Amino acid sequence: MRFSKAFIPTLKEDPADSVIPSHKLMVRSGMIRMLSAGIYSFLPLGYKVLKKIIEIIREEMDAIGGQEFHLPALNPKEIWEKTGRVEAFGDTMFHVKNRDYVLAPTHEEIMTFHARGVLKSYKEMPQIWYQIQTKFRNEPRPRSGVIRGRQFLMKDAYSFDSSWEGLDKSYELHDKAYRKIFDRCGIKYFVVGASSGAMGGSQSEEFMVKSDAGEDTVAYCESCGYAANVEVAQSKIPAVKRHEVSKKVYEIHTPNVKSIDELCEFLGIDERETAKSRIYIFNDEPVLVLMSGNDEVNETKLESALGGAVRPAHPDELKEITGADAGSIGPIGIKFRIIADLRLKDGNNLYSGANKNDYHIGGIDLKRDVPNIEYFDLRTVQTGEECIKCGSKLEVFKAIELGHIFKLGTKYSEALGAMFLDENGKENPIIMGSYGIGVERVLACYIEQNYDDRGIIWDKTLAPYQISLLGLNMKKEPVVSACEKIYGELTQKGFEVLYDDRKDVQAGVKFADADLIGLPLQIIVGERGLKEDLIEIKIRRTGERLKVKTAEIIDKVQALI
RNA sequence: CGGGGCGUAGCGUAGUCCGGUUAGCGCGCCUGCUUUGGGAGCAGGAGGUCGCAGGUUCGAAUCCUGCCGCCCCGACCA
97 MRFSKAFIPT LKEDPADSVI PSHKLMVRSG MIRMLSAGIY SFLPLGYKVL KKIIEIIREE
157 MDAIGGQEFH LPALNPKEIW EKTGRVEAFG DTMFHVKNRD YVLAPTHEEI MTFHARGVLK
217 SYKEMPQIWY QIQTKFRNEP RPRSGVIRGR QFLMKDAYSF DSSWEGLDKS YELHDKAYRK
277 IFDRCGIKYF VVGASSGAMG GSQSEEFMVK SDAGEDTVAY CESCGYAANV EVAQSKIPAV
337 KRHEVSKKVY EIHTPNVKSI DELCEFLGID ERETAKSRIY IFNDEPVLVL MSGNDEVNET
397 KLESALGGAV RPAHPDELKE ITGADAGSIG PIGIKFRIIA DLRLKDGNNL YSGANKNDYH
457 IGGIDLKRDV PNIEYFDLRT VQTGEECIKC GSKLEVFKAI ELGHIFKLGT KYSEALGAMF
517 LDENGKENPI IMGSYGIGVE RVLACYIEQN YDDRGIIWDK TLAPYQISLL GLNMKKEPVV
577 SACEKIYGEL TQKGFEVLYD DRKDVQAGVK FADADLIGLP LQIIVGERGL KEDLIEIKIR
637 RTGERLKVKT AEIIDKVQAL I
């Protein structure tokens with residue numbers, strides 16, 4: 097491609113509305129432009145990369161026996177009502193105004209619809225069906241460029257099995273395919289066990305990339321590879337020690353002492369001797385949640401312990417419920433349900449609130465004084481705690497979810513009546529899995545991991561072109577003819593070359609654009625070098641420069657790429 | 001949806017508090033000449049409903065009201 101004919105609108109300055117590096121660089125290098133919040137147009141350069149990612153995904157999906165579909169994004173609302181997901185998605189789903197259609201945010205329903213009545217025998221399974229297609233989600237707050245959009249490309253795949261063992265196998269196949277896809281794309285990722293959330297189903301794993309732009313928080317152990325979303329992560333943090341002798345319960349006047357830190361300072365004790373109370377509302381009933389010291393309540397863990405959605409009690413409800421404000425609440429004298437973090441199990445000689453403002457209680461023995469207490473893992477893991485598996489230090493950080501694989505089970509097949517006959521002629525719901533990859537996120541994450549202060553750094557696999565050919569002064573005949581020759585030969589050999597043949601552009605501008613766009617190799621043809629019969633090759637990633645005889649340039653490029 | 005910020009030419013911005021020339025600057029764009037290995041120089045030029053609507057005023061980018069859009073933090077999130 098000749099730069100003079102290409103539409104690659106590069107920008108010298110960062111766009112004002114972008115924050116993260118990948119977003120800035122995609123806009124600056126002319127890959128994308130925003131149309132509206134969370135809605136991006138891919139320009140030719142960006143679309144070239146996207147197509148390469150799609151092709152890798154397609155190859156690996158085909159390699160595990162996947163069959164590619166192309167389903168409509170416009171769906172009758174009725175089918176979504178059958179699975180209860182119109183309500184489940186709520187405002188996240190786009191609704192068409194002048195007909196009873198919705199824009200599909202995913203495709204479990206539609207794939208199941210097609211399986212229903214067609215996959216009727218165990219003999220026809222397993223099946224893996226997938227597509228690479230646009231999804232629509234009315235995100236309340238799109239952000240980070242292409243990472244969270246209202247319209248985005250997803251590779252979504254669905255497996256249909258006649259047994260749970262079959263599902264395990266399909267799930268394994270996807271796990272392997274995903275690893276190959278991300279490896280081939282050159283992305284450094286890790287896999288975490290996750291809560292399956294509103295998708296339903298049992299096992300699920302997320303493929304994550306470490307990034308400050310991420311929306312998930314994960315705990316990761318470098319030495320053994322343990323990784324888990326903080327929603328479910330555990331650590332080896334020691335339980336509170338039970339002392340041999342339990343003291344008696346006694347009240348302490350603690351004026352203006354609100355936080356655990358203040359309490360520790362006031363009494364000269366360690367935070368491990370304290371129990372913090374939080375009040376949550378579950379099914380319109382209050383629940384007191386007791387945590388050790390400054391441990392944070394993990395609401396996801398709390399919800400799975402209780403088996404339903406919770407909300408923190410409002411500050412003005414607290415006094416009515418407990419008799420005290422936040423900071424003075426404790427387990428003694430509470431008549432409603434009390435649950436505590438496992439770390440506190442059978443703890444004694446603890447300090448907690450007295451349910452009376454400005455008072456705390458010491459000498460609490462949970463076993464003796466709070467007999468109905470229930471214990472669950474409720475705390476949020478912190479950086480520096482010991483890995484639950486190997487005991488090394490855990491690191492907690494933000495990450496972007498690139499892909500997610502789920503064992504769905506029979507939720508959708510049951511709701512939509514997708515049944516098959518087994519070996520015994522008995523009717524059963526098809527056992528399903530569902531597997532997604534955010535295609536633009538693969539692109540954005542690659543860039544997040546591969547850039548410097550000059551621009552993007554492409555490996556040849558995803559690079560929109562492999563080679564930048566820079567004709568430094570296109571008004572000089574020797575430069576032009578050398579460039580044309582190289583361009584012709586490389587193109588003939590099947591290389592994708594972006595040939596900067598712009599006539600009235602300064603050398604500096606060409607260098608800057610080449611570094612910004614970031615193709616792996618730059619062939620630099622200038623009058624100066626040609627006088628000595630030399631052409632320069634620059635390797636974008638390392639900045640290394642090689643001077644090569646004109647006659648050897650093609651061989652050298654082939655060797656380097 | 002809560003909190004904060006912003007909206008002036010294709011991009012980046014000054015001016016807004018305290019109303020008053022023809023709305024300024026840099027980049028980019030067009031023409032000509034020069035320059036040509038790391039974002040050139042000179043000269044000339046085009047490009048603006050100052051987000052939209054209403055109001056106050058002799059006069060509004062500037063003050064008031066409403067709306068829209070964009071970004072960030074939070075909530076939410078498959």
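For what it's worth, this note's numbering labels the leading residue of the first sequence as 97, then goes sequentially. For glycine and all other residues, C-beta sits at the position ideal for the given N, C-alpha and C. Just so it is clear, the structure is predicted and the values come from calculations on it, not from any experiment.
Alpha-carbon to alpha-carbon, Glu109 and Ile375: Within the model, the alpha-carbon separation for Ile375 versus Glu109 is close to 50 Å.
Whose C-beta lies closer than 8 Å to the C-beta of Lys178 among residues of the same chain, with five residues either side of it excluded? Result list for Lys178: Glu205, Ala511, Leu512, in chain order.
Check each candidate in Ser564, Arg439, Gly458 and name the one with the smallest Cα separation from Asp473. The shortest Cα separation from Asp473 among Ser564, Arg439, Gly458 belongs to Arg439.
Assuming Met250 and Ile533 make a contact with CB atoms under 8 Å, what is their CB distance in whole Å? Indeed they touch by this definition, with Cβ atoms about 7 Å apart.
Same chain, Cβ closer than 8 Å to Val406, five either side skipped, listed in chain order: Within the same chain, and ignoring the five residues on either side of Val406 in sequence, the residues whose Cβ sits closer than 8 Å to its Cβ are Tyr376, Ile377, Phe378, Val383, Glu395, Leu398, Glu399.
Can you name the start and end residues of the beta strand (DSSP E) that Leu554 belongs to? Reading the sequence as shown, one finds Trp at residue 554 and not Leu. Unbroken run through Trp554: none, as it is neither H nor E.
How many angstroms separate the CA atom of Phe591 from the CA atom of Gln562? Roughly 7 Å between the two C-alpha positions.
Below 8 Å, can you find three or more Cβ-Cβ pairs linking the segment 280 to 289 to the segment 180 to 193? Put simply, the segment 280 to 289 does not touch the segment 180 to 193. Fewer than three CB pairs are less than 8 Å apart.
Quick check: Tyr226 and Ala253, are their CB atoms within less than 7 Å of each other? In terms of Cβ geometry, Tyr226 and Ala253 form a close pair [threshold 7 Å].
Residue of Lys120, Glu268, Ala315 minimising C-alpha distance to Gly480: Ranking Lys120, Glu268, Ala315 by Cα distance to Gly480 puts Ala315 first.
Under 7 Å between C-beta atoms of Gly262 and Pro222: Yes, the Cβ-Cβ distance between Gly262 and Pro222 is below 7 Å.
Three or more beta-carbon pairs under 8 Å between the segment 358 to 370 and the segment 406 to 418, yes or no? Taking one beta carbon from each stretch, the segment 358 to 370 and the segment 406 to 418 have fewer than 3 pairs nearer than 8 Å; the two do not touch.
If you draw a straight line from the C-alpha of Ile649 to the C-alpha of Ile582, how long is it? Near 8 Å, if we compare the C-alpha coordinates of Ile582 and Ile649.
Which residue from Leu642, Phe232, His210, Glu523 puts its Cα closest to that of Ile224? It is His210.
May I ask you to verify whether the segment 128 to 148 touches the segment 161 to 174, counting CB pairs closer than 8 Å and requiring at least 3? Segments in contact, no.
In its own chain, which residues sit with a C-beta less than 6 Å from the C-beta of Glu367, not counting the 5 before and 5 after it? Ile356, Cys360, Gly389, Asn390.
Identity of the residue in Leu615, Glu623, Lys606 nearest Ile657 by Cα: Answer by Cα proximity: Leu615.
Just to confirm, is the Cβ distance from Ser373 to Gly426 under 7 Å? The criterion of a C-beta distance shorter than 7 Å is satisfied by Ser373 and Gly426.
Please state the DSSP three-state secondary structure of Phe99. Helix, per DSSP.
Determine the contact status of Leu617 and Val145, defining contact as a CB-CB distance below 7 Å. No, the pair does not count as a contact, with Cβ atoms beyond the cut-off.
Measure how close the beta-carbons of Thr646 and Ile633 come, nearest whole angstrom, since I'm counting them as under 8 Å. Not quite, the Cβ-Cβ distance comes to about 12 Å (not below 8 Å), so this is no contact.
Starting from Phe472, follow the beta strand (DSSP E) in both directions and report where the run begins and ends. Boundaries of the beta strand (DSSP E) around Phe472: 470 to 472.
Simplified DSSP assignment, three categories, for Pro408: DSSP places Pro408 in strand when its eight states are reduced to three.
Helix, strand or coil for Ser488? Go by DSSP, reduced to three states. Coil, per DSSP.
Where Pro140 sits in the DSSP three-state scheme: Here Pro140 sits in helix by DSSP.
Ser509 beta carbon less than 7 Å from that of Ile496: In this structure, Ser509 does not lie closer than 7 Å to Ile496 by Cβ.
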